[in-house]
Structures are given as C-alpha cells and as structure tokens.
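Enquirer:
Protein chains: 2
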Amino acid sequence: MNTQISPEVMGQLEAIVGPSFLFLDQATRREYGHDETEDYVFPPAVLLKPGTPEEIASIMRVANQHEIPVTPIGGRTGLSGGALCIFEGIGLSMERFNKIIHIDEQNLQVMVEPAVITQVLREAVAEKGLFYPPDPSSQGSCFIGGNVAENAGGARAVKYGVTKDYVLNLEVVLPNGQIIWTGANTLKNSTGYNLTQLMVGSEGTLGIVTKIVMKLLPANQYNILMLVPFFDAAQACEAVAQIFKAGVVPSALEFMERDAIDWTLRFVEVSVAIKDAVQAHLLIEVDGNYPDVLFAEAEKITQVVEQFDIDDILFADTDDQKNALWRLRRAVAEAVKSNSIYKEEDTVVPRYELPRLLTGIKSIGQKYGFKSVCYGHAGDGNLHVNIVKGDMTDDAWTTEVPKGIREIFELTVSLKGTLSGEHGIGYVQKNYMDIAFDPITLQLMKGIKQVFDPKGILNPGKVLPDRV
Amino acid sequence: MNTQISPEVMGQLEAIVGPSFLFLDQATRREYGHDETEDYVFPPAVLLKPGTPEEIASIMRVANQHEIPVTPIGGRTGLSGGALCIFEGIGLSMERFNKIIHIDEQNLQVMVEPAVITQVLREAVAEKGLFYPPDPSSQGSCFIGGNVAENAGGARAVKYGVTKDYVLNLEVVLPNGQIIWTGANTLKNSTGYNLTQLMVGSEGTLGIVTKIVMKLLPANQYNILMLVPFFDAAQACEAVAQIFKAGVVPSALEFMERDAIDWTLRFVEVSVAIKDAVQAHLLIEVDGNYPDVLFAEAEKITQVVEQFDIDDILFADTDDQKNALWRLRRAVAEAVKSNSIYKEEDTVVPRYELPRLLTGIKSIGQKYGFKSVCYGHAGDGNLHVNIVKGDMTDDAWTTEVPKGIREIFELTVSLKGTLSGEHGIGYVQKNYMDIAFDPITLQLMKGIKQVFDPKGILNPGKVLPDRV
Chain A
1 MNTQISPEVM GQLEAIVGPS FLFLDQATRR EYGHDETEDY VFPPAVLLKP GTPEEIASIM
61 RVANQHEIPV TPIGGRTGLS GGALCIFEGI GLSMERFNKI IHIDEQNLQV MVEPAVITQV
121 LREAVAEKGL FYPPDPSSQG SCFIGGNVAE NAGGARAVKY GVTKDYVLNL EVVLPNGQII
181 WTGANTLKNS TGYNLTQLMV GSEGTLGIVT KIVMKLLPAN QYNILMLVPF FDAAQACEAV
241 AQIFKAGVVP SALEFMERDA IDWTLRFVEV SVAIKDAVQA HLLIEVDGNY PDVLFAEAEK
301 ITQVVEQFDI DDILFADTDD QKNALWRLRR AVAEAVKSNS IYKEEDTVVP RYELPRLLTG
361 IKSIGQKYGF KSVCYGHAGD GNLHVNIVKG DMTDDAWTTE VPKGIREIFE LTVSLKGTLS
421 GEHGIGYVQK NYMDIAFDPI TLQLMKGIKQ VFDPKGILNP GKVLPDRV
Chain B
1 MNTQISPEVM GQLEAIVGPS FLFLDQATRR EYGHDETEDY VFPPAVLLKP GTPEEIASIM
61 RVANQHEIPV TPIGGRTGLS GGALCIFEGI GLSMERFNKI IHIDEQNLQV MVEPAVITQV
121 LREAVAEKGL FYPPDPSSQG SCFIGGNVAE NAGGARAVKY GVTKDYVLNL EVVLPNGQII
181 WTGANTLKNS TGYNLTQLMV GSEGTLGIVT KIVMKLLPAN QYNILMLVPF FDAAQACEAV
241 AQIFKAGVVP SALEFMERDA IDWTLRFVEV SVAIKDAVQA HLLIEVDGNY PDVLFAEAEK
301 ITQVVEQFDI DDILFADTDD QKNALWRLRR AVAEAVKSNS IYKEEDTVVP RYELPRLLTG
361 IKSIGQKYGF KSVCYGHAGD GNLHVNIVKG DMTDDAWTTE VPKGIREIFE LTVSLKGTLS
421 GEHGIGYVQK NYMDIAFDPI TLQLMKGIKQ VFDPKGILNP GKVLPDRV
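Taken in order, these protein sequences are the chains called A and B.
Take the first sequence: its position 148, counted from the start at 1, is 148 in UniProt numbering, and no numbers get skipped.
Take the second sequence: its position 189, counted from the start at 1, is 189 in UniProt numbering, and no numbers get skipped.
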C-alpha cells in the first residue's frame with residue numbers, strides 16, 4: 001500500500017469531488033482522524049467528501065490503481081476504531097449522503113442514504129406512524145450507515161432485533177469501483193448467497209454502502225418503563241433470564257451497576273433517589289398498543305423481580321420521567337469517559353450466563369489491578385465493560401490491562417459468547433479475534449476479504465488480526 | 001471432477017461409515033436420487049449415511065483428494081432440486097443426525113442436529129412452553145438442516161421471520177474436511193464477518209451443517225383464524241398491504257387462488273362451502289397471549305377486508321376447524337402435483353406489488369399458452385406460481401414455458417422483488433440468476449464459493465448459473 005499520495009493522484013481526486021470537498025489542512029484531517037474510541041487519533045493524508053456513488057466509484061478506481069488505503073468515515077461515534085485512518089491515505093467522509101430517499105408507506109420500507117442520523121430516521125418514520133426499532137445510545141449523532149457497518153443494536157434489540165434484522169438490500173461501491181445491489185427489496189429472499197447479511201457488520205472492509213433499504217414496523221402507541229433497584233448485582237443479572245422464562249419479552253431490559261449510575265448522576269441532570277445499599281438497577285420497558293396488556297406484563301415482571309432482594313420499583317409516570325431515565329442510561333459511556341481514561345469492551349453471552357460473566361470480570365479486574373464499570377443490554381446478554389484507568393500507572397495500564405481483557409474475552413467465549421455484541425471489532429479488538437475463531441475460520445474470513453478487495457485497500461487493518 | 005469412484009476409494013468410504021451405511025443398490029440410489037422437484041431423478045453413484053461430523057470430515061477429505069462430487073441430502077422435500085446428485089458421485093444422507101441435543105430453557109435456545117424434522121422440533125420445544133416459529137408447508141417431513149440450507153420460511157414468517165432469523169451458530173464441515181463453528185450462541189454478534197448468515201441459504205454448497213443453535217421465543221397461548229373469500233383475486237392481494245397499514249401484524253396471511261382451493265378440496269377431506277363467484281381467499285391468523293387483543297385485531301382486519309368485495313368471513317371456531325383450514329392450505333402444492341406435471345416458482349416482491357405480479361403472471365401465461373395456479377405467503381409478498389402442463393404439448397412445455405418463466409422473473413425483479421423467497425435456487429432456477437444479479441455480483445458469489453470449496457466438489461451445479 002502507498003501511504004503517500006502523489007500530486008498527480010491528488011489532482012485526480014480533486015477533479016472527482018471538486019476543490020471544495022477535498023481537505024488537506026491539519027485541523028480537518030485531525031477532526032476526521034478520530035471517533036469515540038478511547039483517545040486514538042489517526043488523521044488521513046487527505047479527507048474527501050464525495051456526493052454521489054459514482055464519485056465514490058471514481059475515487060475507488062484511482063485508489064485501487066495506486067494502492068492507496070481508503071477508510072470510510074461516518075458519524076465518528078464508533079467505539080472499536082473502525083473509522084480510524086490507521087494507514088493515513090484517503091479518509092472518505094460519507095456526510096453528504098444524508099437524504100431519506102423514500103419512506104414507502106405501502107410496503108413499510110424506507111430507502112435511506114448512509115449519513116442520515118439514526119434518530120432523524122427514527123423520527124421521520126415515526127411521523128408516518130411507522131417504527132424503526134434499533135436505537136443505539138449514540139442515536140442522536142451516529143449515522144445509519146455506521147449502524148449497518150457495525151451491526152449496531154441498542155436498547156430495543158432485545159425485542160426487535162439489531163440493525164441486520166432490518167436491512168433488506170444495499171447499494172454498495174466495491175473496492176474496484178464497481179457498483180452493485182446486494183439483494184432485493186423483499187422480506188424473504190433465498191436467491192443466492194446472502195451478500196446483504198455479509199455486508200452488514202463487515203465494518204466498511206468489503207464495500208462502501210451508498211443506499212440502504214430497510215423494513216419498518218407499525219408504530220406502537222404505549223409503553224411502561226420501570227426502574228428496579230437490586231441490593232445485589234448478580235441477582236439483577238439472574239432476574240433477567242427469569243423475566244423471559246415468565247413469558248414476557250420486554251422492549252428493553254437494561255442493566256446498570258451502582259458505579260455506572262452514580263457516575264452518570266453527576267454527569268446529567270436527573271434526580272433519582274438511591275439507597276446506599278443498592279448495587280445495581282434494571283431498567284425495564286414493555287411496549288405495545290394495548291395498555292391492559294402492558295399493565296399485565298408489568299405485573300408479571302414485578303412478580304419475578306420481587307423474588308429477589310430489591311428496593312421499591314420506580315414506575316416512570318410521565319414522558320418527562322421516561323426521558324430522564326433513558327437520558328441517564330444513554331449517558332453512562334460518556335459519563336465514564338469524562339471521569340477517566342478508559343477502554344470499553346462489548347462482551348456478549350447467552351443471557352443466563354450474565355451473573356457468571358459479571359462475577360468473572362470483577363475477579364479478573366482484581367487479579368490485574370483494574371476497576372470496571374459494567375452496564376448494558378442485559379436482555380441480550382450484552383454487557384459493556386468500561387475498564388477505567390483511574391490511578392493505575394501508565395505502565396500497568398499498557399501491560400496488565402490487555403492481559404485482563406484477553407482473560408475477559410476467554411471467559412466470554414467459554415460461556416458460549418463472543419467479543420462484540422454491537423460495537424464491532426474494528427481496530428482495537430482485532431488482535432483478540434483468535435479467541436473467538438480458530439485459524440481455519442479466520443482464513444475463510446480473510447479469503448472473503450480478498451474476493452471483495454484483492455489489493456486490501458479498503459479500510460485496511462480492521463476486523464481481522466494482524467497475523468492470519 | 002470424477003464422476004466415477006474407484007474400488008479403492010469405495011473401500012476407503014466403506015471403512016469410514018461402515019458397510020451397513022454404504023449403499024450401492026439401484027433401489028436405494030434411485031430413492032435418494034430425487035426430492036420434490038418436478039419429476040427429476042439423479043441418483044448418486046454411492047449413497048452414504050454417516051453418523052458423526054468426524055465421519056463426514058473423513059469423507060470430505062477423501063472426496064477432496066479424488067475430486068469426487070458430494071451432494072448433501074436432507075428430507076428430500078426440496079422444490080428447487082438442491083439435493084439432486086446431478087454429477088452422480090457421493091450422495092450424503094444426513095438422516096442419522098436426528099437428535100435434539102439440548103433445549104436450553106434458561107436461554108430460550110435449542111441445539112439440534114440437521115436431520116430433525118421441523119415439526120418434531122416445533123412440538124418438542126412447545127412441550128416446554130417455547131416456540132420455534134418457522135413452519136414450511138412440508139414441516140411434517142422436511143429436515144431443519146434443509147430449512148437452514150434453503151432459508152425456509154412458511155406461513156408464520158410474516159410476523160416471526162424466516163429460518164435465518166433464528167439461527168445463531170452453526171457447526172459446519174468444510175469441503176476440505178475441516179470442522180468449524182461459524183459464530184457464537186448469542187442473540188447479538190458483531191464479531192467478524194457473518195459466516196452464520198452466509199451459510200444459511202447457501203444450499204449446501206459452502207459446507208455441511210452438522211449442528212444448529214437456534215433461538216426460541218416464549219409460546220403464545222391463543223390465536224384466531226379467519227378465511228376471507230374475495231370475488232376478485234387482485235382485490236385480495238390489495239387487501240394484504242392495507243391490513244399492515246391498519247397497524248396489525250398478523251401471524252399468517254396466506255393467499256389462495258380459486259383453482260388452488262378447488263383442486264385441493266378434491267385432494268383433502270375438508271368441507272368448505274364456496275360460492276361460484278369467489279375468485280380467491282385470504283387465510284388470516286393473529287396470535288398472542290391476550291384474547292381481547294386478538295379480538296380487537298381481528299376486528300381491525302375485518303374492517304379492512306370489508307372495504308373490498310368479499311363474501312361472508314369464516315371464523316374457525318374450534319381447533320379441528322383451524323387444523324382443517326391449515327391442512328387445506330398446506331396441501332395445495334401436493335394437490336396441484338397430483339393433478340398434472342407442473343413447475344413451481346417461488347416469486348417474491350414487496351407486498352404492495354402483489355396485485356401487479358398476479359395480473360402480470362396471468363397475462364404472461366396467456367402469451368405462452370400455459371395455465372398457472374397461484375397461492376402463498378401474501379403477507380411477505382411471496383407468491384408460489386404453479387405452472388401446470390395440463391394438455392400442453394411436450395414441445396410447448398419444453399420450449400415456451402421457460403420463456404414464460406424468464407418473463408415472470410423479469411417482472412418480479414422489475415417490481416424490486418427476486419426469484420426465490422424461500423425455496424432456493426438449487427438446480428432448476430440457477431440459469432435465471434442473471435435476471436436478479438449482474439455479472440459482477442455473480443462473480444463475487446463465485447469467489448466466495450471458491451474460498452470455501454476451491455475444487456468445486458460440494459453440491460456442484462447448484463445456485464450459480466452454468467456460465468459465470
């Protein structure tokens with residue numbers, strides 16, 4: 001690969017996007033050189049802001065010919081470093097692809113460009129009485145294209161699934177500049193290999209998504225939100241599997257450790273009174289169109305959690321209260337970040353294994369001398385583990401913590417789980433991939449990458465480990 | 001490829017599976033040489049019935065070394081010829097992989113071997129209060145492994161999704177005899193390329209599935225089933241999209257043309273009185289745990305369909321009545337088959353396009369001189385088109401019908417649909433793949449096939465067109 005771009009090639013790139021959409025200044029390159037992943041900054045040699053799939057195709061043809069790395073950049077909210085330009089080269093900001101092309105009310109579908117902000121999309125379809133469920137915590141700033149790239153989830157995934165469950169068809173620019181559609185605009189499809197699902201979650205390493213066709217659901221009218229304080233964190237985890245066993249599928253089932261909520265209460269203006277002895281909370285939502293059913297389901301959930309050692313359940317009575325509780329939950333990552341340097345892991349296990357995962361993480365932390373704040377989508381078995389630097393020495397942070405992370409992932413995989421539930425592998429987790437997959441399977445993935453990108457120019461150094 | 005197997009290699013195969021699981025007699029080979037696809041018979045040179053993944057691995061190593069084609073064979077209910085041994089070689093019957101390994105009531109998951117009959121699986125989990133929704137019409141005899149291979153759907157897909165939406169993780173024997181797991185037993189997974197979803201629907205061309213981990217749902221207790229007779233078939237199709245627009249997601253929404261129901265009534269013992277002028281029926285089910293909600297949803301559906309020209313709605317009052325209506329619906333394909341030589345297409349479009357698809361199919365039939373019987377999962381936009389030979393000449397059947405099928409698929413794709421919703425491409429549809437995908441995309445699929453199966457020995461001559 002060529003990390004340097006010759007003046008001649010730079011001229012070709014400028015001719016493609018126009019001079020106002022090519023940026024060489026340090027400030028812009030630095031701005032686009034980071035996402036939300038720890039404190040990494042990898043600026044591109046040049047930042048481009050193309051406006052059409054055809055412009056991207058032209059850029060890719062030039063990059064392919066000269067073997068220049070190209071890194072697609074979305075909303076830069078990623079937590080695994082998927083958008084970092086680790087080999088410099090071309091940073092390809094997708095931000096001009098920001099149109100909702102068509103909300104198809106007849107077929108309950110939407111065609112959207114990748115730089116539409118997830119919340120904007122959710123609100124636009126809601127205005128038509130429709131529902132796009134995936135709601136990552138960063139929904140106010142992340143791009144739907146990034147959600148596709150990372151197969152993002154969010155709080156509602158427990159009932160409604162993740163991004164992949166809504167993607168029907170994708171327009172994709174391949175690394176060699178060819179443009180394809182991966183499938184059809186249908187709810188069912190058994191026609192050839194599922195390139196659509198292969199593309200979802202491939203973190204911008206196989207192609208650049210330029211249009212997305214997604215399915216929608218009819219909107220729900222009602223929900224009930226309850227916050228359940230537990231005096232024991234492992235019991236909160238145990239309650240999660242019991243709720244499903246009782247036959248209820250909540251629309252959200254979130255877990256927050258005591259530290260997560262304490263740190264966040266200092267960060268956002270939400271007032272919740274919490275007894276000192278409370279160790280964890282479950283935030284539980286049920287939704288639907290029939291209030292009586294929701295009351296019945298909330299009652300079933302109450303019966304389950306009351307078998308554990310809990311404090312009084314808080315039912316959110318108003319929309320304001322609901323919004324406050326969600327703000328609290330969504331701000332945890334930012335709150336931790338504002339407190340300390342940290343690393344965020346995105347462990348996921350079968351949900352009944354959560355108590356074992358949580359206990360194991362804490363004892364691994366003790367062994368290697370780090371503290372962790374755990375929270376996340378417990379209904380999916382998806383536990384975010386924020387490892388905080390606090391007063392650890394730099395030396396311990398760089399030598400001991402990676403060993404601890406490796407043990408956490410080994411524990412996760414031994415519980416039939418895996419490395420990432422919804423954040424992706426990207427740059428920061430790639431060298432743990434050998435824990436989740438044997439060399440044969442990694443070779444298959446590498447083979448697929450080579451089919452799409454024989455020269456290895458598209459988002460290089462991501463997903464697959466350095467040595468495959 | 002070697003279609004002939006030397007005595008020495010045959011000895012190696014016998015040593016692997018044991019003499020009682022290797023079959024060379026014509027009757028067995030012929031029996032395993034066909035599925036439910038038209039009247040095709042392609043017997044293997046030898047039929048093997050291995051008992052473990054390791055035996056399959058050993059067989060694949062021998063086959064790979066000697067470049068002998070291997071065709072995995074499941075319940076032989078396929079409608080696209082995916083299990084036909086078109087190059088003879090080894091037929092690999094999976095029938096001994098018939099155990100439900102573990103129903104995990106804590107995590108709402110099941111681990112199952114591929115030769116478990118779908119209905120057996122559904123009933124086994126139902127006994128534990130759990131629900132495996134996909135229910136292809138052949139569920140009484142098809143294998144769950146075949147469902148995975150073809151990404152099978154069924155009547156409940158409209159609300160609950162298809163097979164792919166339940167598969168979490170797969171144990172797979174690769175063409176070179178290596179054994180891998182594709183993912184993890186988790187509801188969410190953003191860890192590397194999605195090999196699980198790539199394997200689902202790949203029709204046994206990339207690997208041989210030996211274990212399947214699937215998610216389950218809590219069982220629903222109630223349902224309401226209604227049969228709505230329409231005096232105009234296109235109006236029945238129009239009503240489908242309107243039902244969703246009214247905010248109801250039925251658990252089944254099936255369409256049957258008049259001919260489909262008439263032929264089937266002669267084939268199964270079910271009594272339904274139908275007025276002469278009725279041209280089509282919708283069979284509509286809603287399900288859930290709250291009878292009041294189901295009554296409300298049935299009422300909403302009634303309000304929608306009453307805007308069209310319909311006869312009296314029949315509500316199934318008893319389980320017997322419900323079973324009779326479902327028997328009627330499920331027997332359509334067999335009834336048509338018993339009446340005439342036929343070809344079955346599995347068209348799928350966005351559901352609002354159904355009236356245009358139906359009208360188009362009829363006029364294409366007139367142009368080429370064939371009659372068709374249409375029915376299927378209208379809620380998904382999935383219309384099965386049975387083209388019946390009736391009194392067509394053999395000459396017209398072999399020359400005109402393929403032209404008509406090509407036009408039907410071109411129409412389907414022009415409506416943003418595709419060739420197959422749930423039956424797969426297999427042998428009989430492969431040379432129509434150029435209608436759904438451009439040469440670039442087909443080359444990507446061929447590249448993926450080569451990554452998994454460089455020698456092209458596993459289920460050769462399926463899915464991809466003869467010329468890519």
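Just so it is clear, CB atoms sit at the ideal spot from N, CA and C, and this is done for glycine as well.
Return yes when the Cβ of B:Val162 is within less than 9 Å of the Cβ of B:Leu130, no when it is not.
Expert: no
Enquirer: How far does the alpha helix (DSSP H) with A:Phe267 in it reach, from first residue to last?
Expert: 258 to 267
Enquirer: My guess is that B:Gly89 and B:Ala149 are in contact by the Cβ rule of under 8 Å, so how many angstroms apart are they, rounded?
Expert: Not confirmed; about 18 Å, so no contact.
Enquirer: Between B:Pro229 and B:Asp311, which are expected to be in contact by the criterion C-beta below 8 Å, what is the C-beta distance as a whole number of angstroms?
Expert: Contact between B:Pro229 and B:Asp311 holds, with the beta-carbon distance rounding to 4 Å and staying under 8 Å.
Enquirer: One question on the structure: do B:Trp326 and B:Leu225 come within less than 9 Å of each other, judged by their Cβ atoms?
Expert: yes
Enquirer: Give a yes or no on whether the minimum CB-CB distance between A:Ser138 and chain B is below 9 Å.
Expert: no
Enquirer: Taking its Cβ as the centre, do 16 or more other Cβ atoms sit within 10 Å of B:Ser338, making it buried, or is it exposed?
Expert: exposed
Enquirer: Taking its Cβ as the centre, do 16 or more other Cβ atoms sit within 10 Å of A:Ala273, making it buried, or is it exposed?
Expert: exposed
Enquirer: Can you list, in chain order, the residues of the region 447 to 459 of chain A whose Cβ is nearer than 9 Å to any Cβ on chain B?
Expert: Gly447, Ile448, Lys449, Gln450, Val451, Phe452
Enquirer: For chain A, find out if any of its Cβ atoms is closer than 9 Å to the Cβ of B:Gln303; answer yes or no.
Expert: no
Enquirer: DSSP three-state label for B:Cys374, please.
Expert: strand
Enquirer: In this structure, what does DSSP give as the bridge partners for A:Lys211?
Expert: A:Glu171
Enquirer: Throw me the rounded Cβ distance for the B:Met256 and B:Val349 pair, which I believe falls under 8 Å.
Expert: That pair is no contact at about 18 Å.
Enquirer: Using three-state DSSP, classify B:Lys455 as helix, strand or coil.
Expert: coil
Enquirer: Chain A partners of B:Leu419, CB-CB under 7 Å?
Expert: Thr191
Enquirer: Please decide whether A:Glu113 counts as near chain B, where near means a Cβ-Cβ distance under 9 Å.
Expert: no
Enquirer: Using 8 Å as the Cβ pair cut-off and three pairs as the minimum, do the region 375 to 392 of chain B and the region 253 to 269 of chain B touch?
Expert: Segments in contact, yes.
Enquirer: Over what stretch of residues does the beta strand (DSSP E) that includes B:Pro291 continue unbroken?
Expert: No beta strand (DSSP E) holds B:Pro291; the alpha helix (DSSP H) holding it covers 291 to 305.
Enquirer: Could you tell me whether the region 66 to 79 of chain B touches the region 31 to 39 of chain B, using the rule of 3 or more Cβ pairs below 8 Å?
Expert: yes
Enquirer: Between the beta-carbon of B:Thr182 and the beta-carbon of B:Met199, is there less than 9 Å?
Expert: yes
Enquirer: Beta-carbon separation of B:Asn220 and B:Lys322 under 9 Å?
Expert: no
Enquirer: With a threshold of 9 Å between beta carbons, is B:Gly424 in contact with chain A?
Expert: It does: the Cβ of B:Gly424 has a partner Cβ on chain A nearer than 9 Å.
Enquirer: In chain order, what residues of the same chain lie with their CB nearer than 7 Å to the CB of B:Ser141, ignoring the 5 residues before and after it?
Expert: Once the five neighbours on either side are set aside, the close Cβ partners of B:Ser141 are Gly75, Thr77, Ile117.
Enquirer: If contact means a Cβ-Cβ distance below 7 Å, which residues of the region 343 to 358 of chain A contact chain B?
Expert: Val348, Val349, Pro350, Arg351, Tyr352
Enquirer: Could you say if the region 56 to 64 of chain A and the region 14 to 23 of chain A meet the contact criterion of at least three C-beta pairs nearer than 8 Å?
Expert: yes
Enquirer: Tell me the residue span of the beta strand (DSSP E) that contains A:Gly154.
Expert: Careful: A:Gly154 lies outside any beta strand (DSSP E) and carries neither H nor E.
Enquirer: Under a Cβ-count criterion, where at least 16 other Cβ atoms within 10 Å of its own Cβ denotes burial, should A:Gln197 be classed as buried or exposed?
Expert: buried
Enquirer: Is B:Asp320 buried or exposed, if buried means 16 or more other CB atoms sit within 10 Å of its CB?
Expert: exposed
Enquirer: Tell me, to the nearest whole angstrom, how far the beta carbon of A:Asp135 is from that of B:Asp165; I am working on the premise that it is less than 8 Å.
Expert: Not confirmed; about 19 Å, so no contact.
Enquirer: Assign A:Arg156 to one of two classes, buried (16 or more other C-beta atoms within 10 Å of its C-beta) or exposed (fewer than that).
Expert: buried
Enquirer: Can you list, in chain order, the residues of its chain with a C-beta nearer than 8 Å to that of A:Arg266? Leave out the 5 residues immediately preceding and following it.
Expert: Ala335
Enquirer: Going by the DSSP bridge assignment, what does A:Val248 pair with across the sheet?
Expert: Its beta-bridge partners do not exist; DSSP assigns none.
Enquirer: Is the beta carbon of A:Gly33 closer than 9 Å to that of A:Leu92?
Expert: no
Enquirer: In the DSSP assignment, find the unbroken beta strand (DSSP E) run with B:Glu344 in it and report its ends.
Expert: 342 to 348
Enquirer: A:Thr3 and A:Pro44 look like a contact to me (Cβ under 8 Å); what is the Cβ gap, rounded to whole Å?
Expert: So it is not a contact: roughly 10 Å between Cβ atoms.
Enquirer: If you draw a straight line from the C-alpha of A:Lys128 to the C-alpha of A:Gly145, how long is it?
Expert: 22 Å
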